[in-house]
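Undergrad: Residue numbers for the sequence shown follow this note's numbering, beginning at -18 and rising by one.
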Amino acid sequence: MTTARDIMHTGATCIGEHDTLTTAAQRMRELDVGALPICGDDDRLHGIITDRDIVLKCVAAGTDPNTMTAGDLAQGSTYHVDSSASVEQVVTVMEEHQIRRLPVLDEHRLVGMISEADIARHLPEHAVGAFVEAICAPKALPSQ
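(1) Within its chain, find whatever has a CB closer than 8 Å to the CB of Val92; leave out the 5 residues flanking it on each side and keep chain order.
(2) Out of Gly52, Met9, Val68, which one is the CA nearest neighbour of Phe112?
(3) Round the Cβ separation of Ile116 and Arg81 to the nearest angstrom and send it over; I've been treating them as touching at under 8 Å.
(4) DSSP has Val85 in a bridge; who is on the other side?
(5) Does the distance from the CB of Ile95 to the CB of Val71 come in under 7 Å?
(6) On the premise that Thr(-17) lies in contact with Leu26, defined as a C-beta separation below 8 Å, what is that separation, rounded to the nearest angstrom?
(7) Alpha carbon to alpha carbon, how far is Asp24 from Leu2? Give it in angstroms, no decimals.
(8) Check the C-beta distance from His(-1) over to Thr50 and give it rounded, since I have them as a contact under 8 Å.
(9) Quick one: is the Cβ of Gln56 within less than 6 Å of any heavy atom of the ligand GTP?
(10) For Glu88, which option in Ala66, Pro105, Arg102 has the closest C-alpha, if you only look at C-alpha atoms?
(11) Evaluate His61 with the Cβ neighbour count: other Cβ atoms within 10 Å of its Cβ, from every protein chain shown; 16 or more gives buried, anything less gives exposed.
(12) Roughly how many whole angstroms lie between the Cα atoms of Thr4 and Gly(-3)?
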């Protein structure tokens, strides 16, 4: 069985919850990534910040990225998988929550990240299209 550990990118770099969004953006540029896990003082995963979050929730809102912190954007649940999770479990989490990047934890510590490209490389060719469609499809609005 192929596991999350087998397909993840190791050495995921966290941004600290007290680091500014300017620092987060600079780190993303240095690492050539579009998202960073947010880790707290307890070295635990507190969220994920994306380049889109910085633009929409800070810059476009007129907030100063030199004062707003990554922790300010670490809201709600952060979806993740255990390093021993099967690729099928990883796909299920990513599809159900329509997420493109998924942190991998081992003993509550971040050990890697899985992107949609990592999944695409490990799915049978016929399943890739359905996976991409599932994570990219517009979310249905709740009935009123």
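Note that CB positions come from ideal geometry on N, CA and C, so glycine has one too.
TA: Once the coordinates are examined:
(1) Arg(-14), Met(-11), Thr(-9), Ala(-7), Ser64, Val85, Leu86
(2) Val68
(3) 6 Å
(4) Val62, Gly93
(5) yes
(6) Not really, about 23 Å apart at Cβ, beyond 8 Å.
(7) 19 Å
(8) 6 Å
(9) The model depicted lacks the ligand GTP and carries no ligand whatsoever.
(10) Ala66
(11) buried
(12) 10 Å
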